[in-house]
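Residue numbers (the working numbering): 115 to 537.
For glycine and all other residues, C-beta sits at the position ideal for the given N, C-alpha and C.
In this text the structure is predicted, and so the values were computed from the model without any measurement.
Following: one structure in structure tokens, then a few remarks.
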Amino acid sequence: MAIDVYRVREDFPALKRVVNGRPLIYFDNAATTLKPKQVVSAIARYYLHYPANVHRGFHTLSQEASEEFERSHEVVAHFINAYSWDEVILTYNSTESINLVAFTWGLSNVGEGDEIVLTVMEHHSNMLPWRRLARMVGARVRYVDITSNGLLRYDQLEEVVSERTKVVAVSMMSNVVGTINDVKRVVKVAHEVGAVVVADGAQAVPHMPVNVRDLGVDFLAFSGHKMMGPTGTGILWGRRDILEDLEPFKSGGDTIKDVTLDGVVWHDLPWRFEAGTPHIAGMIGLAAAAQYLMRLGMENVRGHEKDLVRYTLKRLEELGGEVEVYGPRDPEVRGGVISFNVRGLHHHTVGKALDIFGIAVRTGMHCAHPLHYRLGINGTVRASFYIYNTREEVDEFINSLKTIEMLKAKLAVMPVEEVCTGG
Ligand SMILES: Cc1ncc(COP(=O)(O)O)c(C=O)c1O
115 MAIDVYRVRE DFPALKRVVN GRPLIYFDNA ATTLKPKQVV SAIARYYLHY PANVHRGFHT
175 LSQEASEEFE RSHEVVAHFI NAYSWDEVIL TYNSTESINL VAFTWGLSNV GEGDEIVLTV
235 MEHHSNMLPW RRLARMVGAR VRYVDITSNG LLRYDQLEEV VSERTKVVAV SMMSNVVGTI
295 NDVKRVVKVA HEVGAVVVAD GAQAVPHMPV NVRDLGVDFL AFSGHKMMGP TGTGILWGRR
355 DILEDLEPFK SGGDTIKDVT LDGVVWHDLP WRFEAGTPHI AGMIGLAAAA QYLMRLGMEN
415 VRGHEKDLVR YTLKRLEELG GEVEVYGPRD PEVRGGVISF NVRGLHHHTV GKALDIFGIA
475 VRTGMHCAHP LHYRLGINGT VRASFYIYNT REEVDEFINS LKTIEMLKAK LAVMPVEEVC
535 TGG
């Protein structure tokens with residue numbers, strides 16, 4: 115069933131905005147998505163009607179808040195088909211989820227001479243925590259390269275993974291080249307040598323059906339704000355038998371069953387990993403977002419984006435050699451992220467010019483510097499789609515790019531604002 119995109123758009127007031135005299139076209143969904151009214155209402159209901167702390171009181175408001183907060187874990191568990199709600203740990207973003215694994219499981223299971231396998235397409239958030247861990251324990255980091263089409267080199271993965279490998283950390287979908295990795299294949303290779311697989315689902319979970327039972331990974335990290343939830347919400351799902359053996363990442367209130375002056379009994383899952391007052395409203399909002407997506411159906415979400423990608427790649431061909439697109443051409447193995455450069459123009463200049471047409475894209479290295487260096491470039495323009503984007507918006511985007519191309523000589527001499535360094 116196709117998504118009724120015009121009906122969906124009614125739920126996103128931000129889409130009614132006019133930017134620089136043009137109706138907003140929001141193509142920056144890989145950075146963060148817009149939020150529907152349903153999510154904002156769920157957050158407002160909490161703050162207006164039962165804004166109490168969780169797990170800390172027998173009074174009615176605290177019980178209502180606790181119930182809704184715990185229920186959010188259940189909704190997310192259902193969304194990714196986890197075995198149980200308590201395998202779902204609330205964090206603040208994917209970055210924190212991955213750090214949690216690296217510095218709990220990693221610190222107690224990776225040692226001197228062991229190897230950590232990453233890919234060159236990882237976001238810094240799934241690269242730097244592992245490199246730091248490697249430095250701390252004396253382990254070695256090894257990388258798997260990509261093909262000229264931006265696909266993972268599975269042949270090389272098989273060579274690199276060995277008895278020394280303790281963990282393979284892999285993105286399910288690249289935030290730059292859009293490649294959807296065959297994570298099941300990675301799991302097969304890693305599990306043959308007893309290595310643990312950590313999947314970075316930041317770009318995948320919001321955009322396609324993800325079923326942790328079927329996927330077979332040991333940990334899955336993703337961000338609530340990239341799936342229409344509030345900022346400051348992330349998830350770590352982990353295999354129960356592994357999580358149960360771990361000590362907290364951050365300790366303090368809520369992580370314990372009992373504390374004496376010299377001893378502590380850690381709490382059950384997931385509370386052991388949810389230290390201090392959590393982002394209660396955020397988690398309630400995230401549950402509303404997951405419910406919204408489940409109502410649409412994740413197969414339909416993926417189908418909608420696949421159609422937009424196919425259409426955009428086709429229309430970009432009209433610009434001939436003036437636009438270079440990175441990553442696979444086949445929409446079956448790429449998600450709704452299209453990174454490109456306009457020949458002769460700096461990526462920031464193109465981004466700024468698109469903004470003049472009311473089109474929001476991201477420019478820079480998208481927190482994946484090593485991948486850009488691997489591609490031999492110093493940045494890209496990235497257009498990324500979601501459930502509310504339309505073919506008509508793509509048409510506007512292509513028309514704007516054609517105008518930018520025509521004005522190239524004038525634009526090329528404009529000073530480039532180096533606005534984006536971190537990403
Ligand atoms: C593939 C990937 N991993 C991790 C992250 C980090 O997400 P967050 O900033 O929510 O921690 C991002 C964010 O862009 C991403 O695209």
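Distance cut-off 6 Å: His169 Cβ against heavy atoms of ligand 1: Looking up residue 169 in the sequence shown gives position 55. Result no, Cβ not under 6 Å from ligand 1.
With 16 other Cβ atoms within 10 Å as the buried cut-off, status of Ser498: By 1-based counting over the sequence shown, the position of residue 498 is 384. So Ser498 counts as buried.
Backbone CA spacing between Asp368 and His418 [nearest angstrom]: The residue given as residue 368 occupies position 254 in the sequence shown. The residue given as residue 418 occupies position 304 in the sequence shown. Using only the alpha carbons, I get a separation of about 41 Å.
Contact between the region 190-206 and the region 373-386 (3+ Cβ pairs under 8 Å): yes
Check: Asp314 C-beta below 6 Å from any heavy atom of ligand 1: On the sequence shown, residue 314 is found 200 positions in, with the first residue counted as 1. Yes, ligand 1 has a heavy atom inside 6 Å of this Cβ.
Range covered by the beta strand (DSSP E) that runs through Leu232: Locating residue 232 in the sequence shown gives position 118, counting from the first residue. From DSSP, the beta strand (DSSP E) with Leu232 extends over Glu229 to Thr233.
Cβ-based burial, Asp355 [other Cβ within 10 Å; buried from 16]: Counted from its first residue, the sequence shown places residue 355 at position 241. Burial call: exposed.
Residues near Trp380 in its chain [Cβ-Cβ closer than 8 Å; skip 5 each side]: Against the sequence shown, residue 380 aligns to sequence position 266. Here the set comprises Glu361, Pro362, Thr369, Ile370, Lys371 and Arg386.
Ser155 CB to nearest heavy atom of ligand 1 below 6 Å: Position 41 of the sequence shown, counting from 1, holds the residue named residue 155. Ser155: no, Cβ never under 6 Å from ligand 1.
Rounded separation between Arg505 and Leu138 - CA only: On the sequence shown, residue 505 is found 391 positions in, with the first residue counted as 1. On the sequence shown, residue 138 is found 24 positions in, with the first residue counted as 1. Roughly 14 Å separates the two Cα atoms.
Arg159 in three-state terms, based on DSSP: Position 45 of the sequence shown, counting from 1, holds the residue named residue 159. Arg159: helix per DSSP, three-state reduction.
Inter-stretch contact (C-beta, 8 Å, three-pair minimum) for the region 484-503 and the region 151-167: no
Residue burial classification, Lys298 (beta-carbon count within 10 angstroms, cutoff 16): The sequence position of residue 298 within the sequence shown is 184, counting from 1. Exposed is the call here.
Leu266 in three-state terms, based on DSSP: Looking up residue 266 in the sequence shown gives position 152. Leu266 falls in the strand class under three-state DSSP.
His237 CB to nearest heavy atom of ligand 1 below 6 Å: Taking the sequence shown and counting its residues from 1, one reaches residue 237 at position 123. The answer is yes for His237.
7 Å Cβ shell around Asn195 - same chain, five flanking residues per side excluded: The residue given as residue 195 occupies position 81 in the sequence shown. For Asn195, where only same-chain residues beyond five positions count, the Cβ hits under 7 Å are Asn325, Val326 and Arg327.
Three-way DSSP call (helix, strand, coil) for Arg448 in this model: Position 334 of the sequence shown, counted from the start, is the residue given in the question as residue 448. Arg448: strand per DSSP, three-state reduction.
Separation of Pro320 from Val133, as counted between CA atoms: Start at 1 with the first residue of the sequence shown, and residue 133 comes out as number 19. Start at 1 with the first residue of the sequence shown, and residue 320 comes out as number 206. About 26 Å.
Beta-carbon gap between Val153 and Ala389 smaller than 7 Å: Here residue 153 refers to the residue found at position 39 when the sequence shown is read from its first residue. Here residue 389 refers to the residue found at position 275 when the sequence shown is read from its first residue. The answer is no: Cβ separation not under 7 Å.
His462 versus Val451 - alpha carbon distance: Counting from one through the sequence shown, the residue named residue 462 turns up at place 348. Counting from one through the sequence shown, the residue named residue 451 turns up at place 337. Approximately 17 Å, taken between the alpha carbons.
Runs of alpha helix (DSSP H) lying entirely within the region 134-198, each at least 4 residues, in chain order: 151-163 and 174-193
Closest residue to Arg246 among Thr517, Glu229, Val439 and Ile260 (Cα-Cα distance): Here the question's residue 246 lines up with position 132 in the sequence shown. When only C-alpha atoms are compared, the closest one is Glu229.
Gly465 beta carbon less than 7 Å from that of Val456: Mapped onto the sequence shown, residue 456 falls at position 342. Mapped onto the sequence shown, residue 465 falls at position 351. No, the Cβ-Cβ distance between Val456 and Gly465 is not below 7 Å.
Cα-Cα separation, Leu242 to Phe172: Translated into positions along the sequence shown, residue 242 becomes position 128. Translated into positions along the sequence shown, residue 172 becomes position 58. Rounded to the nearest angstrom, the two C-alpha atoms are 42 Å apart.
In chain order, each alpha helix (DSSP H) run of at least 4 residues that lies wholly inside the region 332-392: 354-357
Residue from Leu521, Leu433 and Val290 whose Cα sits closest to the Cα of Tyr487: Counted from its first residue, the sequence shown places residue 487 at position 373. The shortest C-alpha separation from Tyr487 is found at Val290.
Helix, strand or coil at Ser239 [DSSP, three-state]: The residue given as residue 239 occupies position 125 in the sequence shown. Ser239 falls in the helix class under three-state DSSP.
Classification of Leu74 by the beta-carbon crowding that lies within 10 angstroms, buried from 16 upward: There is simply no residue 74 to check, as the chain begins at 115 and stops at 537 in what is shown.
Glu438 - containing beta strand (DSSP E), residue span: Here residue 438 refers to the residue found at position 324 when the sequence shown is read from its first residue. First-last of the beta strand (DSSP E) with Glu438: Val437 to Val439.
Ligand 1 heavy atom lying under 6 Å from the CB of Thr233: By 1-based counting over the sequence shown, the position of residue 233 is 119. Incorrect: Thr233 has no Cβ contact closer than 6 Å to ligand 1.
Cβ-heavy atom distance, Thr209 to ligand 1, below 6 Å: Translated into positions along the sequence shown, residue 209 becomes position 95. Correct: Thr209 has its Cβ closer than 6 Å to ligand 1.
Secondary structure of Val122, DSSP reduced to three states: Within the sequence shown, numbered from 1, the residue matching residue 122 stands at position 8. Residue state, collapsed to three classes: helix.
Distance CB(Thr233)-CB(Leu266) smaller than 7 Å: If you number the sequence shown from 1, residue 233 lands on position 119. If you number the sequence shown from 1, residue 266 lands on position 152. Contact: yes.
Continuous alpha helix (DSSP H) assignments of at least 4 residues falling wholly in the region 482-523: 483-489 and 505-520
Distance between beta carbons of Val224 and Val300, contact taken as under 8 Å: For the purposes of this step, residue 300 is taken as residue 186 along the sequence shown, with counting starting at 1. For the purposes of this step, residue 224 is taken as residue 110 along the sequence shown, with counting starting at 1. Not quite, the Cβ-Cβ distance comes to about 18 Å (not below 8 Å), so this is no contact.
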